[in-house]
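Numbering (our numbering), first residue to last: 2 to 317. Here a beta-carbon is modelled for each residue, glycine too, at the ideal position from N, C-alpha and C. In this text the structure is predicted, and so the values were computed from the model without any measurement. Step one of this worksheet: look at the structure below.
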């Protein structure tokens, strides 16, 4: 006798997320037409295919995914047994800020002890080949912000990302590592110990549930999540072609704050920062952290208490 599998709401989301070509815009079309995800999989091929920007091939893939709901539920249960949860877009634990972006992932995989995503998150990003000064500034800045209650978001990459996560951990704060691969495939491998430390008080997240390698496309796409989870993005060191600049561009397009560290002139790894500032990013220096927080959180006035501490980070 085949054991019946209870199908959770999340399984429907995972099924649609597995279909190439279905993102948030198409999902909204489907719900507008059929009222619920359950009814989407009860529809006929022609009913789906006739929707704007759909076609018979895409409709067929959607219905095929619907026939595999039992498999998707088993995948969810298997991941849960390994400490990985799947948050679908309508889950109350799904990051509120991420819901605001137009291309938010349909599902988000999460591993770690963070119970709820804070709105007071700041992304700190930069090159994978930083200077010693860049690493030191990053770690100190992340530590100061984390000690003030900010969640530090970064991409677990070598260089600036690694220093940002470590700075938050130094302050016994919370940090979020956003991956461009599935959570079981930590990249780079040398950061597996760091990933474990992040999980102790924070979380790892990925839009990929299974067997996804950190290709350049996947790493590029995860950058929109780094900026999307955060109120603002700080770039410490980067040239114009670095992925961190792309993260800042995502932040700008998402109507979030962008900051670029203001180094002395004639320094390496600043061409991207200068371009960002020319395009409207705010330059910052280590001198008064409360000013940065006040600027970053001014749209959240009254929702976040900034402690007046003797910590430095000057805006100008």
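- Item | Coarse secondary structure for residue 38, derived from DSSP in three states | Here residue 38 sits in helix by DSSP.
- Item | DSSP beta-bridge partners of residue 258 | When DSSP reads this structure, residue 258 sits in a beta bridge with 233.
- Task: Tell me where the alpha helix (DSSP H) around residue 124 begins and ends.
- Result: Following the DSSP letters along the chain, one finds residue 124 in no alpha helix (DSSP H) but inside the beta strand (DSSP E) bounded by residues 122-126.
- residue 175 - DSSP class collapsed to helix/strand/coil: Residue 175: coil per DSSP, three-state reduction.
- Query: Looking at the structure shown, is residue 2 part of a helix, part of a strand, or coil, going by DSSP?
  - Reply: Because the pLDDT at residue 2 is just 41, under 50, the model does not fix this residue reliably, and the value given afterwards should be weighed accordingly. Coil.
- Where in the region 58-140 do unbroken runs of the alpha helix (DSSP H), each at least 4 residues long, occur, reported from the N-terminal end onward? Taking only runs of at least 4 residues, the alpha helix (DSSP H) segments lying wholly in the region 58-140 are 70-82, 97-100.
- From residue 265 to residue 205, what distance separates their C-alpha atoms? If you draw a straight line from the Cα of residue 265 to the Cα of residue 205, it is about 34 Å long.
- Message: Once DSSP output is grouped into helix, strand and coil, what is the label at residue 155?
- Response: The answer is strand: DSSP assigns residue 155 an E or B state.
- Message: Cutting at 7 Å between CB atoms, please list the residues of its own chain near residue 112, excluding the five before and the five after it.
- Response: Non-local C-beta neighbours of residue 112 in its own chain, meaning closer than 7 Å and more than five positions away in sequence, comprise 84, 85, 184, 200, 204, 205, ordered along the chain.
- Message: Going by DSSP in three states, residue 204 sits in which element: helix, strand or coil?
- Response: It is a strand residue.
- Task: Using the Cα positions of residue 101 and residue 226, report the straight-line distance between them to the nearest angstrom.
- Result: If you take the alpha carbons of residue 101 and residue 226, they lie about 11 Å apart.
- Message: From the DSSP secondary-structure annotation, give me the bridge partner or partners of residue 281.
- Response: Answer is none; residue 281 lacks a bridge partner.
- Task: Pick out whichever of 293, 170, 155, 164 has its Cα sitting closest to the Cα of residue 181.
- Result: 155 is the residue among 293, 170, 155, 164 whose C-alpha sits nearest the C-alpha of residue 181.
- Decide if residue 79 is buried, meaning its Cβ has at least 16 other Cβ atoms within 10 Å, or exposed. Residue 79 comes out exposed.
- Whole-angstrom distance between residue 141 and residue 43, CA atom to CA atom: So the two alpha carbons sit approximately 54 Å from each other.
- Query: Do the region 247-261 and the region 227-234 meet, that is, are 3 or more Cβ pairs less than 8 Å apart?
  - Reply: Result yes; three or more Cβ-Cβ pairs closer than 8 Å.
- Query: For residue 22, which of 202, 212, 109, 58 has the nearest alpha-carbon?
  - Reply: Closest option to residue 22, judged by alpha-carbon separation, among 202, 212, 109, 58: 58.
- Query: Hey, would you say residue 161 sits closer than 8 Å to residue 128, going by beta carbons?
  - Reply: Yes; because the gap between Cβ atoms is below 8 Å, this pair is in contact.
- Task: Determine, using beta carbons only, whether residue 153 and residue 14 come nearer to each other than 8 Å.
- Result: Their beta carbons are not under 8 Å apart, which means residue 153 does not touch residue 14 by this criterion.
- Task: Note down the Cα distance separating residue 166 from residue 194, rounded to an integer number of angstroms.
- Result: Going by the C-alpha atoms only, they are around 12 Å apart.
- CA-to-CA distance, residue 176 to residue 186, given in whole angstroms: Spanning the two alpha carbons is a distance of roughly 19 Å.
- Query: For residue 240, which of 97, 273, 220 has the nearest alpha-carbon?
  - Reply: Measuring from the Cα of residue 240, the nearest candidate turns out to be 273.
- Relative to the alpha-carbon of residue 11, which residue among 61, 93, 188 has its alpha-carbon at the smallest distance? It is 93 whose Cα lies nearest to the Cα of residue 11.
- With residue 145 and residue 259 assumed to form a contact (beta carbons below 8 Å), what rounded beta-carbon distance in angstroms separates them? Actually they are not in contact, since the Cβ atoms of residue 145 and residue 259 sit about 19 Å apart, beyond 8 Å.
- Task: Assign residue 244 to buried or exposed, taking buried as 16 or more other Cβ atoms, counted over all protein chains shown, within 10 Å of its Cβ.
- Result: It counts as buried.
- Do you know how far the Cα of residue 168 is from the Cα of residue 235? In this structure, the straight-line span from the alpha carbon of residue 235 to that of residue 168 is close to 14 Å.
- Message: I'd like to check one pair, residue 208 with residue 323: are the Cβ atoms closer than 8 Å?
- Response: The first residue shown for the chain is 2 and the last is 317, placing residue 323 beyond what the model contains.
- Is the distance from the Cβ of residue 373 to the Cβ of residue 18 below 8 Å? The shown model of the chain, from 2 to 317, leaves out residue 373, and the question about it has no answer.
- Query: So, are the CB atoms of residue 110 and residue 87 less than 8 Å apart?
  - Reply: Cβ atoms of residue 110 and residue 87: closer than 8 Å.
- Message: Please confirm whether residue 9 has its beta-carbon closer than 8 Å to some beta-carbon of chain C.
- Response: Given the protein chain composition of this structure (a single chain), no chain C is represented.
- Expected contact under 8 Å - CB spacing of residue 135 and residue 237 to nearest Å: With 8 Å as the limit, residue 135 and residue 237 qualify as a contact, their Cβ atoms being about 6 Å apart.
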